Each structure stands twice: as C-alpha cells, then as structure tokens.
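Chains A and B supply the protein sequences, listed in that same order.
One point on numbering: in full-length UniProt numbering, the residue at position 104 of the first sequence is 104, and numbering is uninterrupted.
One point on numbering: in full-length UniProt numbering, the residue at position 131 of the second sequence is 131, and numbering is uninterrupted.
Glycine included, each C-beta is placed from N, C-alpha and C at the ideal position.
In this text, all values refer to a predicted model and were calculated from it rather than measured experimentally.
Remarks on the structure that follows.
Protein chains: 2
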Amino acid sequence: MATLHDVAKRANVSKMTVSRAINHPGQVRPELRTNILNVMAELNYQPNAAARALVSRRTRVVKLTIFEDMDTTEPYYMMLLAGISNELNQHQYALQLATSNSYKVGECDGYILTGIREKNYAWVEQLSQPVVFFGRTYQDYDYVDTDNYQAIQDSVAYAVQCGYDNLVFVGIAVDAPFELDRERGFQDFVGENHLHSRVIRLANHGHIATDYLRQHWLEFPKNTAFICASDRLAIGIEDGIIQQGGNVPNDYGVVGFDGVFLNQIASKRLTTMKQPLEVMGRAAARLLLAKIAHPQTTEQEKIIINSRLSISESTR
Amino acid sequence: MATLHDVAKRANVSKMTVSRAINHPGQVRPELRTNILNVMAELNYQPNAAARALVSRRTRVVKLTIFEDMDTTEPYYMMLLAGISNELNQHQYALQLATSNSYKVGECDGYILTGIREKNYAWVEQLSQPVVFFGRTYQDYDYVDTDNYQAIQDSVAYAVQCGYDNLVFVGIAVDAPFELDRERGFQDFVGENHLHSRVIRLANHGHIATDYLRQHWLEFPKNTAFICASDRLAIGIEDGIIQQGGNVPNDYGVVGFDGVFLNQIASKRLTTMKQPLEVMGRAAARLLLAKIAHPQTTEQEKIIINSRLSISESTR
DNA sequence: CTGTTAGCGCCTTCAG
DNA sequence: CTGAAGGCGCTAACAG
C-alpha cells in the first residue's frame with residue numbers, strides 16, 4: 001500500500017505538500033497539485049484511515065442503534081442500512097450496529113438513532129457526539145423522515161380519484177409522531193373534502209387487522225378504500241376482505257405504507273406509499289458526517305424526503 | 001479519554017508494562033498486573049482502536065458483502081447482521097456493509113460473503129484477506145451454514161409423524177448447494193421410508209407457488225404435506241390451499257424454512273424450520289476474527305449449526 | 001520481568 | 001506557497 005511518503009518521493013515534494021494537496025487544495029500551487037494527483041492515481045494511493053483517525057482523534061466509526069427487537073424488525077431496515085453504509089463507505093467511515101442490549105459498547109464519532117423509546121432519551125441526552133434520528137421525535141434533535149402528512153394525503157387523494165367513496169384510515173395504535181402525522185393527514189383531507197370516513201387504530205400485525213375486519217365486516221360497504229399506516233396492516237386487511245368474499249380492487253381498495261418487501265408478498269400486490277429508504281439512509285449519514293465535521297452548528301436540521309405512491313393490484 | 005500513558009503514570013510503571021499487561025499477561029508479574037488492571041478500571045481506560053490499527057497494520061474493519069438486490073433481500077439478513085455486529089463489537093471491530101455495486105471500495109481485514117454468484121468468484125479468489133462464507137459454496141472456502149440436509153429430514157419426519165401421508169417438496173429452482181442439500185434430504189428420507197412423494201421446483205415467490213397450486217390442485221389429495229424450501233414458498237402454498245377451499249392444517253400441512261419475520265405474516269402462522277441466524281452471524285464473525293489473528297491456518301473450516309423446527313398453525 | 005527506543009501514516013505548527 | 005519537526009496512542013524489538 002502506497003503511503004504519503006511514497007507519493008511525496010515520486011512527486012519530488014514533501015509529505016506535507018501531498019497532504020495539503022488532499023486536504024487543503026487551495027494552499028498548493030495548481031500545477032503542483034495536478035501533478036501530485038497524477039502520482040497518487042499512478043500509485044493507487046489510499047490514505048490510511050487509521051493514521052488519520054489517530055491524529056484527528058476520530059474513530060471513523062458511526063454507530064447505528066436500532067432500539068427494537070431484531071426479531072420483529074421490519075425488513076425495510078435493510079434498505080436503510082444499505083443507504084447509510086453506501087454513504088459512509090465513500091467517506092472512509094465504518095459502521096457499528098448496536099442493538100438494544102449493546103448500545104453502550106465502543107467509541108464512535110456520531111450516532112444514527114432509530115426506534116427510540118421514552119426511556120432511552122436519558123441516554124441520548126448524555127451523549128457527547130452528534131446525533132441524527134431516523135424518523136421525527138418529540139425532541140429537537142436533527143432527523144431525516146418522510147413527509148408522513150403529505151404521503152397519506154396523496155394516498156387518500158389517489159383512492160378518491162379511483163372512485164372509492166368511503167375512506168377508512170387504518171392506523172397503528174402507537175403514540176408516535178409518524179403515526180399522528182399520518183392520521184392528521186387523513187383527517188385534514190377528508191375534512192376539507194367532506195368525505196365519508198372513519199379512523200381505526202390497531203396493533204401493527206396482519207392477523208389483527210384480519211380479525212378486526214372479520215368482526216366488523218358489515219360496517220364496510222362496497223366502494224370502501226382502506227388507507228393503512230403500514231404494509232403489515234394492509235396485507236391483513238386485504239386478506240380479511242378476500243376471506244369475507246370481498247373483491248379487491250373492484251369493490252374494496254387497499255393502500256399500504258412502506259413499500260419494502262412486504263408488498264411483494266401480498267396475494268394481490270399492494271398499492272403502497274413507497275419510502276425511498278436508501279435515499280433516506282444516505283441523507284441521514286450525510287447529515288451526521290456534516291455534523292461531525294462541523295460540530296458547532298446549533299440549529300435543528302430536518303430533512304424531509306417525499307414518498308411516492310407505487311400503484312399495483314390492490315386499487316382499481 | 002485515558003491513555004496508556006495515564007495508566008502507566010498512575011500505576012508507577014512504564015507504558016510498555018501496561019501494554020503487556022493487556023496483550024501478553026504472562027510476561028508481567030501477577031501482582032503488578034492486577035494492580036494495573038485496577039488502575040485501568042479506575043480510569044475507565046479503553047485502548048484506542050485507531051492507534052492499535054495503525055501499529056498493527058490492521059484496519060479493524062470487516063466487510064460484509066451481500067451480493068443481492070437489497071430490494072428483494074430477505075428480512076433475515078437483519079438477524080445475521082445483528083449476530084455479526086454483536087461479535088465484532090466485542091472485539092473493537094467495525095463493519096462495512098458492501099452491496100453488489102460498491103464491494104470494491106475501502107480496505108478491511110477480512111470478508112464475510114453471502115449471496116455470491118458464479119461471476120463473482122474471480123473477485124473472491126483475488127482477495128488477499130481472509131474470507132468466510134455465510135452458506136456453503138462449491139469452492140473450498142470456510143463457511144458457516146445450517147445443516148440443510150438434516151433440517152429437511154427433520155421437517156419431513158415431523159410431517160409424517162403428524163399423519164400426513166403424501167409428501168411434497170417444494171424447492172427453489174436454483175442450482176445452489178443449500179437447495180440441493182435440502183432436496184437430497186427430502187429424497188433420502190422418503191426413499192428410505194417408502195413414502196408417497198413428489199418434488200417440484202419453483203422460483204422463490206409466493207404468488208408463483210399460489211398459481212402453481214391453483215393449476216395443479218387436483219393432483220394433491222387430502223393428507224398432503226408441503227415441505228417448502230423457503231417461507232415465501234410456504235406462504236404462497238398456504239394461500240393457494242386456502243383459496244382452493246382446502247383446510248390447513250387438517251387436510252393439508254405446510255412447513256416452511258427460515259423462520260424469520262415472514263412466518264409471522266402468514267394467515268395461518270407457519271410451522272417452519274427456524275435457523276438460529278443470530279448465532280450463525282456470531283459464528284461467522286468469530287471464525288473470521290480467528291483467521292485474521294492467525295492467517296496461517298490452511299485447513300478448511302466448516303461450522304454447521306442446527307436449525308430447530310418451530311411448530312405453529314400450519315401443521316396439525 | 002521491566003524499561004527505552006523507535007516508528008506505524010498522517011496532520012498541526014511553525015519556519016522559511 | 002512549501003518544508004522540517006514533532007506527536008497522536010500504541011506496540012515490536014532490543015536492552016537491562
């Protein structure tokens with residue numbers, strides 16, 4: 001592996017000049033600089049991350065903590081992970097995946113946090129490194145999220161446009177910002193447009209949605225669209241409709257939320273609000289790296305990324 | 001953050017002695033050593049990974065490459081990841097997640113490889129760092145895997161014990177060791193026990209299994225058990241049976257394979273061969289770290305971990 | 001068994 | 001704009 005020293009010798013300059021050519025390009029004469037860059041390319045020079053880490057007192061590690069049972073972890077975390085690591089790789093940063101029981105082990109330069117519960121906030125507040133959340137929180141931390149409010153509005157608008165005239169929002173029974181935003185998006189839309197509507201809240205399990213539908217089947221006339229807060233619920237609803245003899249999508253529409261993996265599993269592929277998770281992962285990583293580089297910034301950063309409706313077989 | 005120097009001063013020894021107390025305990029007088037350890041604890045000393053990496057010419061990074069579309073990635077990778085990182089964290093190692101388009105970026109001390117295709121072997125062979133595969137390959141690389149042969153035998157044995165007398169193996173139409181092992185496990189078992197049986201091979205998608213079942217429904221009498229090579233197929237089969245009016249589990253049994261996440265989605269929760277993925281991930285990481293520490297070892301290491309049948313609602 | 005010396009590769013600081 | 005010196009925290013190699 002080529003080092004600064006090798007490049008310097010070959011380019012007839014000192015190590016420092018090479019170092020500067022990389023980190024402070026403005027401080028090196030342009031011609032010299034291009035020459036150095038050429039030599040670097042020739043030698044396939046790669047800066048040594050450990051040496052940089054040592055001198056800059058950085059670990060070059062970012063920790064991603066997922067405060068959820070891995071067992072029940074949504075598959076979409078994989079996409080998120082892919083996005084995060086793609087971005088980190090480009091900056092010679094490595095990842096440390098921490099789970100709810102190991103989140104205190106090891107050093108890092110910053111954290112990407114997700115699935116946080118109330119009781120973890122004390123730990124978060126005491127962290128000295130910068131933090132970025134995946135998903136909005138109640139606190140004033142930086143975060144990356146989809147526009148849940150807008151996304152549900154788009155879903156409902158689409159359902160209405162399909163001609164469904166009874167709108168049901170199937171929410172997740174949890175007191176979290178993402179859920180409240182989605183619910184509010186629904187309420188506002190049906191309110192403004194004077195639509196028949198209803199909101200139900202269920203635990204986020206397919207079979208619970210199926211059971212609910214069985215028990216309340218008669219309350220849902222033809223031409224009902226179910227706007228669901230997750231693909232799990234959407235699949236459960238869809239199964240329930242089919243088991244009750246309902247026709248999807250002609251008499252009943254189903255719209256999911258997430259758009260990763262699960263929508264491929266449904267018997268009628270789900271129309272779903274697809275979150276660009278890879279992009280969101282990258283954004284979270286980029287934001288965190290920026291904060292690591294410039295820790296002084298004080299204002300809260302919010303990155304809102306738009307979801308896109310992926311239309312499939314569960315709506316007409 | 002405390003350094004070797006701080007500990008040394010406080011313990012009235014040189015840095016080297018402290019270093020040795022950590023890395024070569026045998027070379028330090030026992031009493032001195034315990035004293036040093038105490039001081040380390042007092043100061044909450046954590047060795048600086050970057051400095052170690054620099055001097056030992058290691059990166060302290062392990063790369064995990066997943067040669068699959070993240071989009072269709074099985075959710076169980078999350079469990080695998082959890083296992084790997086739990087083990088790495090304990091050894092001050094970080095992770096670098098590489099996907100099929102970024103697998104050449106960055107340095108590392110070793111690789112955990114999965115989802116490899118024929119065309120990637122050239123790249124693998126040219127790697128200078130140690131490699132561990134997740135899942136057996138055709139080549140003589142070290143690997144961690146479940147005992148696919150045994151697992152399917154157990155599945156069939158259980159189905160027989162349930163009283164199903166027509167056994168159908170629903171395999172994945174792919175020419176891979178894991179699949180051939182599973183198929184062989186099935187064939188050997190039904191052969192030795194002179195059972196009615198049949199093997200079909202399908203692309204690994206739920207709806208394809210459902211379609212297949214619809215088209216061939218009449219060929220499957222009551223008392224048939226479907227032993228599936230994946231939970232996706234199992235869910236598809238189960239859906240198909242139910243749509244044809246068949247009774248699960250009374251008249252038809254379904255057994256899946258994997259046991260992560262998907263089995264929770266099925267309308268009748270799947271009986272499935274549950275792979276201990278967290279454990280497998282840890283094992284892979286541990287094996288790799290051992291190879292990094294002792295690169296000379298030449299013999300192929302195979303770690304085979306047993307799966308366990310998780311009995312649920314899709315068998316009687 | 002313990003200490004001293006030197007250096008891993010890079011960057012900050014200070015001279016030129 | 002460029003170079004020389006020194007040190008980040010740790011450990012291998014050699015003295016004692």
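### Message
Runs of 3 residues minimum, wholly inside the stretch 54-81 of chain A: which ones carry the beta strand (DSSP E) assignment?
### Response
The stretch 54-81 of chain A contains, as complete beta strand (DSSP E) runs of 3+ residues, the segments 61-66 (chain order).
#### Entry: Residue ranges of each alpha helix (DSSP H) within the stretch 223-254 of chain A, 4 or longer
Complete alpha helix (DSSP H) runs here, min 4: 231-243.
### Query
The alpha helix (DSSP H) spanning K9(A) covers which residue range?
Residue numbering aside, residue 9(A) sits at position 9 when the first sequence is read from its first letter. Start and end: L4 to A11.
### Query
Which ranges would you report for the alpha helix (DSSP H) in the stretch 177-217 of chain A if only whole runs of at least 4 residues count?
Restricting attention to alpha helix (DSSP H) runs no shorter than 4 residues, the stretch 177-217 of chain A encloses them at 177-192 and 206-215, ordered along the chain.
### Message
Using a Cβ-Cβ distance cut-off of 8 Å, determine whether A53(B) contacts chain A.
### Response
Here residue 53(B) refers to the residue found at position 53 when the second sequence is read from its first residue. Cβ-Cβ to chain A under 8 Å: yes for A53(B).
### Query
Under a CB-based cut-off of 8 Å, is N89(A) close to chain B?
If you number the first sequence from 1, residue 89(A) lands on position 89. Chain B has a Cβ within less than 8 Å of the Cβ of N89(A).
### Message
Strictly below 7 Å CB to CB, what residues from chain B border G106(A)?
### Response
Reading the first sequence from its first residue, position 106 is the one you call residue 106(A). Going along chain B in sequence order, the residues near G106(A) (Cβ under 7 Å) are N89 and Q92.
### Message
Classify H294(B): buried if its beta carbon has 16 or more other beta carbons within 10 angstroms, exposed otherwise.
### Response
By one-based count along the second sequence, residue 294(B) stands at place 294. By the C-beta density criterion, H294(B) is exposed, having fewer than 16 other C-beta atoms within 10 angstroms.
### Task
Ignore the nearest five residues each way along the sequence and tell me which others in G240(B)'s own chain have a CB closer than 7 Å to its CB.
Counted from its first residue, the second sequence places residue 240(B) at position 240. A209, T210, L213 and R214.
### Given W137(B) as reference, the closest of V62(B), F178(B) and I311(B) once Cα atoms are compared
By 1-based counting over the second sequence, the position of residue 137(B) is 137. At residue 137(B) the sequence reads Thr, which differs from the Trp that was named. Ranked by how close their Cα comes to the Cα of T137(B), the residues V62(B), F178(B) and I311(B) have F178(B) in first place.
### Message
With the cut-off set at 8 Å, would you say residue 328(A) and S307(A) are in Cβ contact?
### Response
Nothing about residue 328(A) can be read from this structure; chain A reaches only from 1 to 316.
### Task
Assign L218(B) to one of two classes, buried (16 or more other C-beta atoms within 10 Å of its C-beta) or exposed (fewer than that).
Numbered from 1 along the second sequence, position 218 holds the residue referred to as residue 218(B). The residue in question, L218(B), is exposed, as its Cβ has fewer than 16 Cβ neighbours within 10 Å.
### Query
Counting pairs of beta carbons, one from the stretch 50-67 of chain B and one from the stretch 103-121 of chain B, are three or more of them closer than 8 Å?
Contact annotation: the stretch 50-67 of chain B touches the stretch 103-121 of chain B, with at least three C-beta pairs closer than 8 Å.
### Query
Got a sec? Which residues, its chain only, sit under 8 Å from R117(B) by beta carbon, not counting five neighbours each side?
For the purposes of this step, residue 117(B) is taken as the residue at position 117 of the second sequence. Annotation for R117(B): F67 place their beta carbon closer than 8 Å to its own, counting only its chain and skipping 5 residues before and after.
### Query
For N204(A), which residues in chain B fall below 8 Å Cβ to Cβ?
Reading the first sequence from its first residue, position 204 is the one you call residue 204(A). Correct list: empty, because the minimum Cβ distance to chain B is about 11 Å.
### Task
Examine chain A for any beta-carbon lying closer than 8 Å to the beta-carbon of residue 317(B), and answer yes or no.
Summary: the structure shown does not reach residue 317(B), with chain B confined to residues 1 through 316, and so no result is reported for it.
### Query
How would you call T65(B), buried or exposed, if buried means at least 16 neighbouring beta carbons within 10 angstroms?
One-based indexing of the second sequence puts residue 65(B) at position 65. With 16 or more other CB atoms across the displayed protein chains lying within 10 angstroms of its CB, T65(B) is buried.
### Query
Hey, would you say G256(B) sits closer than 8 Å to A234(B), going by beta carbons?
On the second sequence, position 256 is the one that residue 256(B) refers to. On the second sequence, position 234 is the one that residue 234(B) refers to. At the C-beta level, G256(B) and A234(B) come within 8 Å of one another.
#### Entry: Chain-ordered chain B contacts of T59(A) [CB-CB under 7 Å]
Stepping through the first sequence from its first residue, residue 59(A) is reached at position 59. Annotation: Cβ neighbours of T59(A) in chain B (cutoff 7 Å, chain order): A49 and A50.
### Query
Using 8 Å as the limit for Cβ to Cβ distance, is Y77(A) near chain B?
Position 77 of the first sequence, counted from the start, is the residue given in the question as residue 77(A). Closer than 8 Å: yes.
### Query
How many angstroms separate the CA atom of G171(A) from the CA atom of Y121(A)?
Position 171 of the first sequence, counted from the first residue, corresponds to residue 171(A). Position 121 of the first sequence, counted from the first residue, corresponds to residue 121(A). So the two alpha carbons sit approximately 25 Å from each other.
#### Entry: Near-chain A residues of the stretch 101-134 of chain B (beta-carbon distance less than 8 Å), N- to C-terminal order
Flagged, chain order: S102, V105, G106 and E107.
### Query
Can you name the residues of chain A whose CB is closer than 8 Å to the CB of Q46(B)?
Along the second sequence, read from residue 1 onward, the residue named residue 46(B) stands at position 46. What Q46(B) touches in chain A: E107.
### Task
Determine, using beta carbons only, whether residue 399(B) and I242(B) come nearer to each other than 8 Å.
Residue 399(B) lies beyond the stretch modelled for chain B, which goes from 1 to 316, so this question has no answer here.
### Proximal residues of chain A, C-beta to C-beta of S85(B) below 7 Å
Taking the first residue of the second sequence as 1, we reach residue 85(B) at position 85. Going along chain A in sequence order, the residues near S85(B) (Cβ under 7 Å) are Q96 and L97.
### Collapsed DSSP secondary structure at T17(B) in the structure displayed
The count along the second sequence starts at 1 and reaches residue 17(B) at position 17. T17(B) falls in the helix class under three-state DSSP.
### Task
Grab the span of the beta strand (DSSP E) containing N148(A) for me, first residue to last.
By 1-based counting over the first sequence, the position of residue 148(A) is 148. The continuous stretches of beta strand (DSSP E) do not include N148(A), which lies in the alpha helix (DSSP H) extending over residues N148 to Q161.
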